[in-house]
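Enquirer: Sharing a structure, written as structure tokens. Questions coming.
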DNA sequence: TACCTAAAATAACTCGATTTAGCATTTATT
DNA sequence: AATAAATGCTAAATCGAGTTATTTTAGGTA
């Protein structure tokens, strides 16, 4: 194994000081009044032998790593995977690498991951925050580290974030169902207090009460295991046979719901109408195709990374945090009459 | 921003040398005959102030990073995302972090990423290799770095890898179609020479020629953009109206195919039968549900990370590389008569 | 008391870069 | 000619650890 060249090797080979090499490689040649001729000689040699500075050493000295830490809830969920992918592309184009992990919405795991990222001198953070992580995020911000949240925000914490207008989205979808004549509309959601879910619930509630309809809400716990997710949904539908429409809180619940309805042999939309928050391939291809509240995935990814790159570039700590609220798109397909 | 504690701060606070602190923290106290009493005092204090060694400095000195580099083709593809997720979990449980990226099957991008990983002193590599990357992989191996490939392998390069029995899988699926009486079976695949695709093609060819049937192969280029993928497929089907069954080379082609058939208003399986390599939610939920060749995702992820962890733990460079070939499962659903 | 040895701890070097402060020359100014 | 300023480059300190080689201390022995 031929050992890697260091800046000292370069300096020695050229009989100059490593300081000079460093200045030249960091584009400070002009500033440091190093002769054109020497600059060229060094650059040529460096290229010739393929020398690449050791970025660990560089990070140790400068405190910068050119790494962005990305914490999503679950990278195997299509919504997060697609966003992660786009963020990754933009990051690379701007000279940043991504180090990522799934939080599983687990507070302790997330704390450990944030600590790990910090430890690695990550330059910026993109986080889909679980509940109870307020302090850790605040601490990052207090220490001047750029943080962008998305999908949900933390009410007590002032930070940049990108979310969609959840409340209006479900309000709008519920109104759509009501206008179609559905009366027993159920909302199936996750049992957690995060803003995105709370807002989706509020939107549903608002539309229902406005129309003087009785709400029917089922909150289930999140599990990776499919059975543990489908069983409570099935139980709920059996207990509420009057249900004529369902609004699902997210794509995961929607697909579980589809499986349940298939098992129960319910016809969509004859027996029951469906709308799901989040859109993806499954909903477009299943039969009938599902009406869905589509989040603007491209725009979310774009805003998130743009916000973070801005923070990273303007080292000035601009106190004003940006809150971006994007709108969703109700894609009407054939799962409603 | 309170600055982070360093080992020197700890040493100073306790009026001892940082060497001693380092020895104690690295479990070499006994070996270095440091008194029980001091060990306890140091550990207690370190815990008290929450000191964590700077891992960059540590990596710089030791050459180890406890980071695994993961290069998949596309993290937003369900197959890779699910495997990535499981690898991530196992890695974390074993004290390793993951740094990942999508290669897009782009050789140059992959080369840059490998260089970047190397540069960051990544301890081990998990790679879904694109074509033309043989030399870079060989170079890693020559330098004693653990590398595990999956999904495909590189014929000229001796390394650990985990793949499925692609040839038999498509042979078997094609036979299944033939036995059902289909005669004009098309194979739609990607236009590349990688082992997994080549083997899938061979399996199809073998079954067809064995039964003296004429093969009908469409190879399309890969694009992220959906339109660019669906158009050639649609063109192919229009040119070959006799086609009574299609075998798709992977999940991406399968979903594109589903969309095309929907547009052409073809009935499955009445007008045309379908089987797709790779299985996932869409195929289970679409109507009719699709017969699919399911790869053993859990087993693949498990084997990959187990192989790598073994290499990482047994610093001995055991020359014998392991090749793991797993079997697939033909999940018969209703997309065939 | 002087000497030796094992135990306990440490000074100094290293990893590979960046950065600060400064040293010779040469050129310009008075 | 003496001094100041500009030019071109570099020695040494630094980041925060791990590691090697060495010193100090305590206790036992002759």
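Residue numbers (the UniProt record's numbering), protein chains in the order written: chain E, 1 to 337; chain D, 1 to 337.
Each residue gets a CB set at the ideal place from its N, CA and C atoms; glycine is no exception.
From a predicted model like this one, the values you see are computed outputs, not experimental measurements.
1. Going by Cα to Cα distance, which pick from 332/D, 331/D, 323/D, 336/D is closest to residue 157/D?
2. If you follow the alpha helix (DSSP H) that residue 283/E is in, where does it begin and where does it stop?
3. Determine, using beta carbons only, whether residue 286/E comes closer than 8 Å to chain D.
4. Just to confirm before moving on: does the CB-CB distance between residue 188/E and residue 246/E stay below 8 Å?
5. Per DSSP, what kind of secondary structure is residue 144/E in: helix, strand or coil?
6. For a cutoff of 8 Å on Cβ pairs, would you count residue 119/E as touching chain D?
7. By alpha-carbon positions, which one of 104/D, 91/D, 290/D ends up nearest to residue 224/D?
8. Could you tell me which residues DSSP pairs with residue 161/E in its beta bridges?
9. Assuming residue 162/E and residue 300/E form a contact by the criterion Cβ under 8 Å, report the distance between their Cβ atoms to the nearest whole angstrom.
10. Can you give me the C-alpha to C-alpha distance between residue 99/E and residue 259/D, rounded to a whole angstrom?
11. Could you work out which residue in 328/D, 190/D, 32/D is closest to residue 222/D when comparing CA atoms only?
12. Going by Cα to Cα distance, which pick from 69/E, 71/E, 54/E, 62/E is closest to residue 63/D?
13. Taking a cut of 9 Å between CB atoms, which residues from the region 241-269 of chain D lie near chain E?
14. Please report the residue range of the beta strand (DSSP E) in which residue 230/E lies.
15. With H, G and I counted as helix, E and B as strand and the rest as coil, what does DSSP make of residue 329/E?
16. Which residues does DSSP list as the beta-bridge partners of residue 69/D?
17. Starting from residue 178/D, follow its DSSP beta bridges and name the residues at the other end.
18. Taking the alpha-carbon of residue 90/D as reference, which of 332/D, 326/D, 303/D has the nearest alpha-carbon?
19. In chain D, what lies closer than 9 Å to residue 331/E by C-beta?
20. Which ranges would you report for the alpha helix (DSSP H) in the UniProt domain "HTH lacI-type" (5-62) of chain D if only whole runs of at least 4 residues count?
21. Give the residues of chain D in contact with residue 282/E, contact being defined as C-beta atoms less than 8 Å apart.
22. Using the beta-carbon count (16 or more within 10 Å), is residue 151/E buried or exposed?
23. Measuring only the C-alpha atoms, how far is residue 272/D from residue 312/E?
24. Return the chain-ordered ranges of every beta strand (DSSP E) run that is complete within the region 266-312 of chain E and spans a minimum of 3 residues.
25. Measuring alpha carbon to alpha carbon, tell me which of 136/E, 124/E, 130/E ends up nearest residue 115/E.
26. Identify the contact partners of residue 76/E in chain D, using a Cβ-Cβ distance below 7 Å as the criterion.
27. Give me, in chain order, the residues of the same chain whose beta-carbon lies closer than 7 Å to that of residue 193/D; leave out the 5 immediate sequence neighbours on both sides.
28. My assumption, with CB atoms under 8 Å, is that residue 51/D sits in contact with residue 5/D. Please give the rounded CB distance.
29. For residue 340/E, list the residues DSSP reports as bridge partners.
30. Which bits of chain D does residue 344/E rub up against, with CB to CB less than 9 Å?
31. Does residue 83/D come out as helix, strand or coil in the three-state DSSP assignment?
32. If distances are taken between C-alpha atoms only, which option among 310/D, 294/D, 327/D comes closest to residue 160/D?
33. For residue 297/E versus residue 82/E, is the C-beta spacing smaller than 8 Å?
34. Have a look at 122/D, 257/D, 154/D, 211/D and flag the residue whose alpha-carbon is nearest the alpha-carbon of residue 172/D.
35. In the DSSP assignment, find the beta strand (DSSP E) that holds residue 114/E and state where it starts and stops.
36. Can you tell me where the beta strand (DSSP E) with residue 247/D in it begins and where it stops?
Expert: Per the coordinate set shown:
1. 323/D
2. 281-285
3. yes
4. yes
5. coil
6. yes
7. 104/D
8. 149/E, 323/E
9. 6 Å
10. 34 Å
11. 190/D
12. 54/E
13. 255, 258, 259, 262
14. Premise fails: residue 230/E lies in the alpha helix (DSSP H), 226-239, not in any beta strand (DSSP E).
15. strand
16. 99/D, 125/D
17. In the DSSP output, where bridge partners are listed per residue, residue 178/D has none listed.
18. 303/D
19. Per Cβ cutoff of 9 Å: no residues; residue 331/E is ~15 Å from chain D at best.
20. 7-14, 18-25, 36-49, 55-62
21. 281, 282, 285, 286
22. buried
23. 54 Å
24. 273-277, 291-294
25. 136/E
26. 81, 82, 85
27. 131
28. 5 Å
29. Nothing can be reported for residue 340/E: it is not among the residues displayed for chain E, which extend from 1 to 337.
30. Outside the shown range of chain E (1 to 337) lies residue 344/E, about which nothing can therefore be said.
31. helix
32. 310/D
33. yes
34. 211/D
35. Careful: residue 114/E lies outside any beta strand (DSSP E), inside the alpha helix (DSSP H) at 107-119.
36. 245-248
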